[in-house]
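Sequences listed follow chains A and B, in order.
Just so we're aligned: 82 in the UniProt record's numbering is position 82 of the first sequence, and the numbers increase by one with no gaps anywhere.
Just so we're aligned: 194 in the UniProt record's numbering is position 194 of the second sequence, and the numbers increase by one with no gaps anywhere.
Positions of the beta carbon are idealized from the N, C-alpha and C atoms, including for glycine.
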Amino acid sequence: MSDMKPTLPISIVALLVVAFLQVPVLVVVLTSFSETSYLTIPPQGWTLKWFAEVLSDPVYIRAIRNSLILAVSSTLLSLALGVAAAYALFRKAIPGSEAITALLMAPLIVPSVVIGVAMLQYVTLVGLRGSFLVLIVAHVVITVPYILRSALASLSGLDVSVEEAARVLGADGFTAFRLVTLPLIKPGLVAGALFAFVTSMENVPVTIFLASARQTTLPILIFSSVEMGVNPGVAAISTLLIVATVIVLLLAERWTGFHKFV
Amino acid sequence: MSNLSLRNIVKRYGKTEVVRNASFQIAEGEFVSLLGPSGCGKTTILRMVAGLLEPTEGQIMIGERDVTRLPPNKRNIGLVFQSYALFPHMTVFENVAFGLRRKGESGKPLEERVNAALEMVRLGGYGARFPRQLSGGQQQRVSMARAIAPRPSILLFDEPLSNLDAKLRDEMQIELKRLQQELRITTLFVTHDQAEALSLSDRVGVMHGGVIQQLDRPEEIYHRPANAFVASFIGKPNRLQGRIEAGTVALGAGLALRPERLDLPEGSEAEVFLRQEAIRVLRTPEPGALAGTVALRAFSGPQVQLVVRLAHGAEIVVEVPSAEDTASLAPGEPVHLAIRPRDIIVLPQGAAS
Numbered sequence: 001m002s003d004m005k006p007t008l009p010i011s012i013v014a015l016l017v018v019a020f021l022q023v024p025v026l027v028v029v030l031t032s033f034s035e036t037s038y039l040t041i042p043p044q045g046w047t048l049k050w051f052a053e054v055l056s057d058p059v060y061i062r063a064i065r066n067s068l069i070l071a072v073s074s075t076l077l078s079l080a081l082g083v084a085a086a087y088a089l090f091r092k093a094i095p096g097s098e099a100i101t102a103l104l105m106a107p108l109i110v111p112s113v114v115i116g117v118a119m120l121q122y123v124t125l126v127g128l129r130g131s132f133l134v135l136i137v138a139h140v141v142i143t144v145p146y147i148l149r150s151a152l153a154s155l156s157g158l159d160v161s162v163e164e165a166a167r168v169l170g171a172d173g174f175t176a177f178r179l180v181t182l183p184l185i186k187p188g189l190v191a192g193a194l195f196a197f198v199t200s201m202e203n204v205p206v207t208i209f210l211a212s213a214r215q216t217t218l219p220i221l222i223f224s225s226v227e228m229g230v231n232p233g234v235a236a237i238s239t240l241l242i243v244a245t246v247i248v249l250l251l252a253e254r255w256t257g258f259h260k261f262v
Numbered sequence: 001m002s003n004l005s006l007r008n009i010v011k012r013y014g015k016t017e018v019v020r021n022a023s024f025q026i027a028e029g030e031f032v033s034l035l036g037p038s039g040c041g042k043t044t045i046l047r048m049v050a051g052l053l054e055p056t057e058g059q060i061m062i063g064e065r066d067v068t069r070l071p072p073n074k075r076n077i078g079l080v081f082q083s084y085a086l087f088p089h090m091t092v093f094e095n096v097a098f099g100l101r102r103k104g105e106s107g108k109p110l111e112e113r114v115n116a117a118l119e120m121v122r123l124g125g126y127g128a129r130f131p132r133q134l135s136g137g138q139q140q141r142v143s144m145a146r147a148i149a150p151r152p153s154i155l156l157f158d159e160p161l162s163n164l165d166a167k168l169r170d171e172m173q174i175e176l177k178r179l180q181q182e183l184r185i186t187t188l189f190v191t192h193d194q195a196e197a198l199s200l201s202d203r204v205g206v207m208h209g210g211v212i213q214q215l216d217r218p219e220e221i222y223h224r225p226a227n228a229f230v231a232s233f234i235g236k237p238n239r240l241q242g243r244i245e246a247g248t249v250a251l252g253a254g255l256a257l258r259p260e261r262l263d264l265p266e267g268s269e270a271e272v273f274l275r276q277e278a279i280r281v282l283r284t285p286e287p288g289a290l291a292g293t294v295a296l297r298a299f300s301g302p303q304v305q306l307v308v309r310l311a312h313g314a315e316i317v318v319e320v321p322s323a324e325d326t327a328s329l330a331p332g333e334p335v336h337l338a339i340r341p342r343d344i345i346v347l348p349q350g351a352a353s
């Protein structure tokens, strides 16, 4: 962006900060290869047995599956709802659109625990407690802000007349949106969807109130395993998560160049 | 191709009337401009014709079809935007093909028509490029090709040249005129640039405050403005006060102008509009010429502007070609200003504008 090169002291400070922030990640990755049954640095010996153990444990497998189903479905739902909401809020002069935007963005500010407790009371009241659908809805609530924010930002960067041009050229409203507006805001949406996906994947405070034993997600499982005592199995599953995240980010970056929108 | 007619079109936002009772007709193949300062309602009218805005009252007809409540995609209109509004994620070819594809064209005929449209704006061979790889002028030409390719019955231009620099604007003006003459498409052109409107149009509508003040041939607009707004908006007029006396406009201190036509009653107050470029500067007196002294002189290349103070104190700005002998007149020198009777525009004092 800027042509200014940072001075040497600033570069050093920046590197130190980045290093400090990345050390925990490094620790987790290293310990997951340790032969010992407790966490140690540096790792004692090299083994992949913890990965094998975790990936053959039906409890972990089910948690991973639950998390993926939950994250994928809530991200897709959030995309559909968030994009529609952003479009309506941005393009049409809806009365109280500011208030609606603030309301939809609120889960970013309201503590997740509060949302979790509130959702639990609510679903108990309406008798839907324990339903997987409730879990999906809850995750939509907490992931929609990310989609909405990136969609609104992308839309505001768009020349309104581009979609009008499509309309005048014979495209109905939906076709104009599909062929012109959607492709143009796609990079922003991918960025938002990634945030939404990761948010859903790692969420504990909301999920823990709503998930029944069979619906345990990966972060909940990691959370409760750590309560029992940290073992390299937890480190192994965490390493897998880190690797998966990096791969997804790289693919998304190549696909859309979305870094401009984060 | 068809004619376009607006009947008693009103557009209101709350209590503000942006367009007040606009009625006019554009004949088949005719080129009409709406000219006016920003906020005069000209773009609002264009957007209502395009279907991007709905009129509060009135009726819009394209040929025999009432399109007032039709969405833009059902109107068969071509629109060229000020911002070009090209689809940045599509090639030039796909941009131009967009409207044709919506009409179900495909394959060889589609390709031929897209290429023909690009050929018309002299961008043959540019089909594979993306808009961002083109200059501003080229982008605007693509947007014209895109608008004409589906053979619209009406072509609309929303200040299409105002984003271009002055030199390119002149070139594009000629290009546009050529294109319109080849195609003979009914055209509504919106601009705030009077030279553009006057040189391109069959008729010009001058707008102010949501009202079309005058809709007429460019020559009429220029030489016979209907009211004080049109007279002061078009060209670079000098505005003088006077009184009708014995078939002349008396300015005071014995100065008088004798216009070709005078419809005002004897003794009434009048306003006189004299265009800078319609005044001849003389060193020696001539019957009917106004006597004065040069007060200021400004050289601007092809022209010299002289501010002349008349005997009764009012000042008049005059444009003299630099090549003329009188261009060297210096402040303090006496001059005489001769104006042809047909160039003297007289309008009633205080008329609504």
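Practice problem: Within the segment 198-253 of chain B, note down every full beta strand (DSSP E) run reaching 3 residues or more, in order along the chain. | Solution: Correct list: 203-208, 211-216, 237-245 and 248-252.
Quiz item: The alpha helix (DSSP H) with residue 387 (chain B) in it runs from where to where?
Solution: Here chain B has residues from 1 to 353 only, and residue 387 (chain B) is not among them.
Quiz item: Quick one, which of A:90, A:64 and A:214 has its alpha-carbon nearest residue 237 (chain A)'s?
Solution: Nearest C-alpha to residue 237 (chain A): A:64.
Exercise. For residue 361 (chain B), decide whether its Cβ has a neighbour in chain A, counting only Cβ atoms nearer than 8 Å.
Key: In the structure displayed, chain B extends from 1 to 353; residue 361 (chain B) sits before or after that span and is not available.
Quiz prompt | chain A contact for residue 368 (chain B) (CB, 8 Å cutoff) | solution = There is simply no residue 368 (chain B) to check, as chain B begins at 1 and stops at 353 in what is shown.
Quiz prompt | Cβ neighbour criterion (16 or more within 10 Å) applied to residue 37 (chain A) | solution = Answer is exposed; the Cβ neighbour count stays below 16.
Quiz item: Can you list, in chain order, the residues of its chain whose CB lies under 8 Å from that of residue 60 (chain B), leaving out five sequence neighbours each side?
Solution: If we look at residue 60 (chain B) and ignore the five residues flanking it on each side, its Cβ neighbours are 4, 5, 6, 7, 9, 48, 49, 66, 67 and 68.
Practice problem: Tell me, please, whether the CB atom of residue 83 (chain B) is closer than 8 Å to any CB atom in chain A? | Solution: Chain A, which has a Cβ nearer than 8 Å to the Cβ of residue 83 (chain B), makes this yes.
Quiz item: In chain A, which residues lie less than 7 Å from residue 77 (chain B) when you measure between Cβ atoms?
Solution: For residue 77 (chain B), the residues of chain A that pass the 7 Å Cβ criterion are 168, in the order they occur in the chain.
Exercise. Per DSSP, which residues does residue 108 (chain A) bridge with? Please list them.
Key: Residue 108 (chain A) is not bridged to any residue.
Quiz item: If the cut is a Cβ gap below 7 Å, which residues of chain B does residue 161 (chain A) touch?
Solution: Chain B residues near residue 161 (chain A): 81, 83 and 85.
Self-check item: Opposing strand residues paired with residue 336 (chain B) [DSSP bridges]
Solution: Under DSSP, residue 336 (chain B) forms a beta bridge with B:282 and B:291.
Quiz item: Does the beta carbon of residue 223 (chain B) come closer than 8 Å to any beta carbon on chain A?
Solution: By this cut-off, residue 223 (chain B) is not an interface position.
Quiz item: Under a CB-based cut-off of 8 Å, is residue 57 (chain A) close to chain B?
Solution: Using a CB distance cut-off of 8 Å, residue 57 (chain A) does not count as an interface residue toward chain B.
Quiz item: Are the CB atoms of residue 242 (chain B) and residue 278 (chain B) nearer to each other than 8 Å?
Solution: Not in contact: residue 242 (chain B) and residue 278 (chain B) (Cβ atoms no closer than 8 Å).
Exercise. Measure from the C-beta of residue 6 (chain A) to each C-beta in chain B and report whether the shortest distance is under 8 Å.
Key: Look at residue 6 (chain A): its C-beta is not under 8 Å from any C-beta on chain B.
Exercise. Could you tell me the distance, in whole angstroms, from the CA atom of residue 316 (chain B) to the CA atom of residue 82 (chain B)?
Key: In a straight line, the C-alpha of residue 316 (chain B) is about 36 Å away from that of residue 82 (chain B).
Quiz prompt | Within chain C, partners of residue 88 (chain B) - CB distance below 8 Å | solution = No chain C appears in this structure, whose protein chains are A and B.
Quiz item: Given residue 218 (chain A), which residues of its chain have a CB within under 8 Å of its CB, disregarding the five upstream and five downstream residues?
Solution: So the qualifying residues of the chain are 60, 63, 64, 66, 67, 201, 237 and 241.
Quiz item: What span of residues does the beta strand (DSSP E) with residue 189 (chain B) cover, start to end?
Solution: 186-191 is the span of the beta strand (DSSP E), which, as asked, contains residue 189 (chain B).
Quiz prompt | Three-state secondary structure assigned by DSSP to residue 134 (chain B) | solution = Of the three classes helix, strand and coil, the one that applies to residue 134 (chain B) here is coil, per DSSP.
Exercise. Please compile the residues from chain B whose C-beta is within a distance smaller than 8 Å of the C-beta of residue 171 (chain A).
Key: Simply 73, 98 and 102.
Self-check item: C-beta neighbour in chain B for residue 180 (chain A), strict 8 Å
Solution: The Cβ of residue 180 (chain A) sits closer than 8 Å to at least one Cβ of chain B.
Practice problem: Give the residues from the segment 38-71 of chain B that approach chain A closer than 8 Å (Cβ to any Cβ), ordered along the chain. | Solution: Going along the segment 38-71 of chain B in chain order, one finds 50, 51, 52 and 71 with a Cβ nearer than 8 Å to chain A.
Quiz item: Does DSSP put residue 252 (chain A) in a helix, in a strand, or in coil?
Solution: Three-state result, residue 252 (chain A): helix.
Exercise. For residue 13 (chain B), name the three-state secondary structure that DSSP assigns.
Key: Of the three classes helix, strand and coil, the one that applies to residue 13 (chain B) here is strand, per DSSP.
Quiz item: Straight-line CA distance for residue 218 (chain B) to residue 195 (chain A)?
Solution: Rounded to whole angstroms, residue 218 (chain B) to residue 195 (chain A) spans 59 Å at the Cα level.
Self-check item: Under 8 Å between C-beta atoms of residue 177 (chain B) and residue 200 (chain B)
Solution: Cβ distance < 8 Å, so residue 177 (chain B) and residue 200 (chain B) count as in contact.
Practice problem: Thinking residue 170 (chain A) and residue 88 (chain B) are a contact (beta carbons under 8 Å), I'd like their distance in whole angstroms, please. | Solution: Contact doesn't hold; Cβ gap of about 20 Å is too wide.
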